[in-house]
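In what follows, a single structure is set out as structure tokens and then discussed.
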Amino acid sequence: METVEQRIQQVCADREHGSRWLVKEAITILRDLAQDQQRSEADRLRLLASSARELAQARPAMEALSSAVGRVIQVHEEGLAAMGQAAQQLLTDYESATERLAEHARPYLRGHLMTCSISGTVLEVLVALREQIEHVTVLEGRPRYEGRAMAQALHEKGLPVTIITDAQADIFLPQCQAVVVGADSILVNGDILNKAGTALLAWAAHGHGVPFYVLSETLKISPKRWYEHDPARINSNLALLEEKEAEEVFKDAPAGIKVRNFYFDHTLIAC
Numbered sequence: 000m001e002t003v004e005q006r007i008q009q010v011c012a013d014r015e016h017g018s019r020w021l022v023k024e025a026i027t028i029l030r031d032l033a034q035d036q037q038r039s040e041a042d043r044l045r046l047l048a049s050s051a052r053e054l055a056q057a058r059p060a061m062e063a064l065s066s067a068v069g070r071v072i073q074v075h076e077e078g079l080a081a082m083g084q085a086a087q088q089l090l091t092d093y094e095s096a097t098e099r100l101a102e103h104a105r106p107y108l109r110g111h112l113m114t115c116s117i118s119g120t121v122l123e124v125l126v127a128l129r130e131q132i133e134h135v136t137v138l139e140g141r142p143r144y145e146g147r148a149m150a151q152a153l154h155e156k157g158l159p160v161t162i163i164t165d166a167q168a169d170i171f172l173p174q175c176q177a178v179v180v181g182a183d184s185i186l187v188n189g190d191i192l193n194k195a196g197t198a199l200l201a202w203a204a205h206g207h208g209v210p211f212y213v214l215s216e217t218l219k220i221s222p223k224r225w226y227e228h229d230p231a232r233i234n235s236n237l238a239l240l241e242e243k244e245a246e247e248v249f250k251d252a253p254a255g256i257k258v259r260n261f262y263f264d265h266t267l268i269a270c
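Heads up, the sequence shown is in numbering that gives the first Met the number 0, so the first residue is 0 and it goes up one at a time.
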């Protein structure tokens with residue numbers, strides 16, 4: 000059986016799942032801790048506090064993590080039972096969120112669609128609307144190719160799928176009725192942080208006149224902002240995009256070649 004520390008580390012280090020899966024796992028960890036009768040009340044309170052801090056700070060680009068943790072911890076003065084109940088209610092609400100999203104999205108998502116990387120929210124909504132979706136083109140999502148998992152999941156649910164490299168998006172966009180993506184955060188002005196490549200896809204869709212839709216739960220709405228045209232703020236902007244190991248992009252790169260590997264990018268609402 001995995002320890003609490005191992006489960007938290009899995010959330011912090013995960014590179015394969017979208018934020019929906021990570022948020023559900025984080026909430027489940029807090030619920031399990033609050034309800035763990037094998038530990039003393041003092042131990043549970045201590046572990047909940049430290050776990051909440053670690054989870055809230057784990058993924059700067061994923062606002063839903065800190066939002067979910069905050070909703071559980073904010074009732075701490077009411078005791079462990081209240082925190083356990085808050086976590087369980089949050090899980091229940093989160094499970095039903097995609098049903099409501101699907102109903103809102105129904106008039107807009109039909110025919111041939113394009114998406115990028117992997118999003119549990121987008122996957123569940125497309126499956127719910129499968130009767131009106133003819134085909135889905137999925138960008139592979141370098142450098143870890145999460146789009147392959149997305150394509151396989153859609154295929155297993157009976158949706159016709161094509162997977163392409165990220166760089167081929169512009170070739171296939173004229174065939175599409177819409178682009179649909181998830182979001183890791185919705186910033187205070189409505190801009191989004193999502194898998195790197197989303198911004199280029201948005202601009203390409205804009206150029207072709209193809210509608211670009213974002214599916215997101217309200218937990219992902221963030222008080223943070225992107226500081227446009229302010230060179231002094233560039234580091235705070237980039238910190239939100241989670242730069243990872245250069246080796247994922249170019250293993251054993253020759254000396255003198257600098258390699259960058261940001262996992263997320265910023266998409267202007269104007270796109």
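Built from N, CA and C at the ideal position, the CB exists for glycine as well. Note that the structure is predicted; figures quoted are calculated from it, not measured.
Check: Exposed unless 16 or more other CB atoms sit within 10 angstroms - verdict on His103; Outcome: exposed
Check: Under 8 Å between C-beta atoms of Met113 and Phe171; Outcome: yes
Check: The segment 234-252 touching the segment 203-213, judged by at least three CB pairs closer than 8 Å; Outcome: no
Check: Inside the segment 200-251 only - alpha helix (DSSP H) runs reaching at least 4 residues; Outcome: 233-238
Check: Status (buried if at least 16 other CB within 10 Å, exposed otherwise) for Glu139; Outcome: buried
Check: Same chain only: Cβ atoms within 8 Å of Gly157, ignoring 5 sequence neighbours per side; Outcome: Arg129
Check: Ser65 Cβ short of 7 Å to the ligand ZN heavy atom set; Outcome: The ligand content of the structure shown is nil, which means the ligand ZN is not present either.
Check: Straight-line gap, Lys219 to Glu94 (C-alpha atoms, nearest Å); Outcome: 15 Å
Check: Close-in-space but distant-in-sequence residues of the same chain around Glu271 (CB under 6 Å, 5 per side omitted); Outcome: Outside the displayed span of the chain (0 to 270) sits residue 271, for which this structure offers no information.
Check: Spatially closest choice to Ile26 from Arg43, Arg45, Thr2 and Ala86, by CA coordinates; Outcome: Ala86
Check: Cβ neighbour criterion (16 or more within 10 Å) applied to Lys194; Outcome: buried
Check: As assigned by DSSP and simplified to three states, the class of Gly110; Outcome: strand
Check: Which of helix, strand or coil DSSP assigns to Lys156; Outcome: coil
Check: N- and C-terminal bounds of the alpha helix (DSSP H) containing Ala33; Outcome: Ser18 to Gln34
Check: Pairwise C-alpha distance: Leu237 and Tyr262; Outcome: 11 Å
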